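**Q**
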Amino acid sequence: MLGLGFASGLPFLLTGNTLGYWLRDEGTSLKAIGFLSWVGLAYTFKVFWAPLVDRLDVPLLGRLGRRRGWMLLSQMLVAAGLVGMALVGTAGGLAAIGAFALVAAFASSTQDIVIDAWRIEAADNAEEQGLLASAYQLGYRGAMLATDALILAIAARVGWGHSYLIYAAAMLIGVAATWFAVEPARADAVLQGKAPLWTPRGFVDAVIGPFVDFFATHKTLGFLMLAAVALYRLPDFVMGPMYNPYYHDLGLTKDTVAAVRGSVGLLGAVVGIAAGGMSTVRLGLFPTLIAGAVLQGLGVAAFALLPYLGAHPGLFGAVMAADNFAQGYAGVALVAYMSSLTGLGYTATQYALLSSTYALLGKFLKGFSGATVEAMTPGRGLLGAYATAFIGAGLIAIPSLVLFILLARVHARRDAAAAA
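Using our numbering, read the sequence shown as starting at 285 and increasing by one per residue.
(1) On the criterion of 16 or more Cβ atoms from any shown chain inside 10 Å, does residue 521 qualify as buried, or is it exposed?
(2) For residue 450 and residue 389, what's the separation of their Cα atoms in angstroms?
(3) Taking residue 620 as the reference, give the member of 656, 565, 603 and 333 with the closest Cα.
(4) Can you find the residues in the same chain that come closer than 7 Å, C-beta to C-beta, to residue 546, ignoring five residues on each side of it along the sequence?
(5) Whose C-beta lies closer than 7 Å to the C-beta of residue 504 among residues of the same chain, with five residues either side of it excluded?
(6) Does DSSP classify residue 468 as helix, strand or coil?
(7) How close, in whole Å, do the beta carbons of residue 288 and residue 423 come, if the pair is a contact with beta carbons under 8 Å?
(8) Quick check on residue 342: does DSSP put it in helix, strand or coil?
(9) When the Cα of residue 649 is compared with those of 310, 309, 321 and 285, which residue comes out closest?
(10) Kindly indicate which three-state DSSP category residue 407 falls into: helix, strand or coil?
(11) Check this for me: beta carbons of residue 677 and residue 612, under 8 Å apart or not?
(12) Please classify residue 292 as buried or exposed, where buried requires at least 16 other C-beta atoms within 10 Å of its C-beta.
(13) Under three-state DSSP, which class holds residue 647?
(14) Please tell me whether residue 607 and residue 584 are closer than 8 Å, where the distance is taken between their beta carbons.
(15) What whole-angstrom Cβ distance do residue 617 and residue 576 have, given they're in contact under 8 Å?
(16) Could you check which residue in 660, 624, 353 and 597 has the C-alpha nearest to that of residue 462?
(17) Report the rounded CA-to-CA distance for residue 304 versus residue 336, giving the unit in angstroms.
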């Protein structure tokens, strides 16, 4: 799970925030960087092809098993997309590098579908599910560190193109994990009882069944759950494309950013993941989700301090550590919560529905982040515009906080009624 989590996280920033750093280095406008981040919408639309991943084997690779076959195919396509980005570079034009980024993002989102399904189906009980969720987050965060910090030090020495080639080769970690993974069989009995996908009944069940099953289980409360999930990670999402351009415009060197991310940033993320896992066990899901919403808002808004207190490594490190702690803590809580809402037979599609829901609004809004900062620049100055945008992003945590408080109360009443 650690290796698969790493493979899942590796392409995410390479087609998003880190690509924005590369583009800013080459003089690309913030507006263009923000709009190009929309290649990440592939992650939000994955629910539309998730039924195929749930029901069909991959030709030629199907002998590895349905989950492992899809994993291997998507990992090879991710590597191919990264190689294409490296070879065309910014000299080939934004359209060309954007097209290869879209290939990598589409393959990466498909990989996420199947890895999420594998993680849920491979667990024998709730304790194993929590362990796998934590291992996934650690692997994912390790990849984020490698693509958010280490790559800056590499790019400063060998250039962005060669850096992307190195990371394309790093997808071999995921290939190795796929090869040694056990094909989960827990859902096979459920799937064998379903009509084939190419029949009318099978097609309807594959496409509509997951949604019917979800709302049959959760009733009208399902809409409130989806709304809470959709809003939960907005603070981090909406300013995502601007983090690296922000560091660039603050005058921080690549080596400084890489050093901070690789030291206190990494420590904050690991401690946050551990704290989130412990909190879900000791305090429960809803208290952890509520605390995570508060921490996320504060962590993102803290970046607004840098233009006013000075972007020296000490303060930058403190802000980075706090934000990474908050994101790691909240990430574990959200993954565990979404995993608890899925049902066997529809694992891949239902989790894709939930993860698409949590990403859709944020990935759409983040496309306007560059335009927002540039629009505020004439009145506030560039760094003042950044600071205002980060404060606004932090305040976006409030709606999800309110919704999870409401959900916690509803579940508490249900539990009390069941006990009575």
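From the three backbone atoms N, C-alpha and C, an ideal C-beta is built for every residue, glycine too. Just so it is clear, the structure is predicted and the values come from calculations on it, not from any experiment.
**A** Well, looking at it:
(1) For the purposes of this step, residue 521 is taken as residue 237 along the sequence shown, with counting starting at 1. Residue environment analysis places residue 521 among the buried positions, since at least 16 neighbouring C-beta atoms fall within 10 angstroms of its C-beta.
(2) Within the sequence shown, the letter at position 166 stands for residue 450. Within the sequence shown, the letter at position 105 stands for residue 389. Going by the C-alpha atoms only, they are around 17 Å apart.
(3) Within the sequence shown, numbered from 1, the residue matching residue 620 stands at position 336. With distances taken between Cα atoms, residue 620 lies closest to 565.
(4) As a working note, residue 546 is residue 262 in the sequence shown. Within the same chain, residue 546 has close Cβ partners 429, 433 and 434.
(5) Translated into the one-based positions of the sequence shown, residue 504 becomes position 220. Nothing listed; no residue qualifies.
(6) One-based indexing of the sequence shown puts residue 468 at position 184. Residue 468: coil per DSSP, three-state reduction.
(7) Start at 1 with the first residue of the sequence shown, and residue 288 comes out as number 4. Start at 1 with the first residue of the sequence shown, and residue 423 comes out as number 139. With a contact defined as Cβ atoms closer than 8 Å, residue 288 and residue 423 qualify at about 7 Å.
(8) Start at 1 with the first residue of the sequence shown, and residue 342 comes out as number 58. In the structure shown, residue 342 sits in coil (DSSP, three-state: anything other than H, G, I, E or B).
(9) Your numbering for residue 649 matches position 365 in the sequence shown. Residue 649 has its Cα closest to that of 321, out of 310, 309, 321 and 285.
(10) As a first step, residue 407 is located in the sequence shown; it is residue number 123 there, counting from the start. If DSSP states are grouped into helix, strand and coil, residue 407 belongs with coil.
(11) As a working note, residue 677 is residue 393 in the sequence shown. As a working note, residue 612 is residue 328 in the sequence shown. Judged by beta-carbon spacing, residue 612 lies beyond the 8 Å limit of residue 677, meaning their Cβ atoms are not closer than that value.
(12) On the sequence shown, position 8 is the one that residue 292 refers to. Buried, since its Cβ has 16 or more Cβ neighbours within 10 Å.
(13) Mapped onto the sequence shown, residue 647 falls at position 363. The DSSP-derived three-state label of residue 647 is helix.
(14) For the purposes of this step, residue 607 is identified with residue 323 of the sequence shown, where counting begins at 1. For the purposes of this step, residue 584 is identified with residue 300 of the sequence shown, where counting begins at 1. Contact: yes.
(15) Indexing the sequence shown from 1 puts residue 617 at position 333. Indexing the sequence shown from 1 puts residue 576 at position 292. Yes, residue 617 and residue 576 are in contact; Cβ-Cβ is about 5 Å, under 8 Å.
(16) Within the sequence shown, the letter at position 178 stands for residue 462. The shortest C-alpha separation from residue 462 is found at 353.
(17) By 1-based counting over the sequence shown, the position of residue 304 is 20. By 1-based counting over the sequence shown, the position of residue 336 is 52. Each residue's Cα considered, the two are about 32 Å apart.
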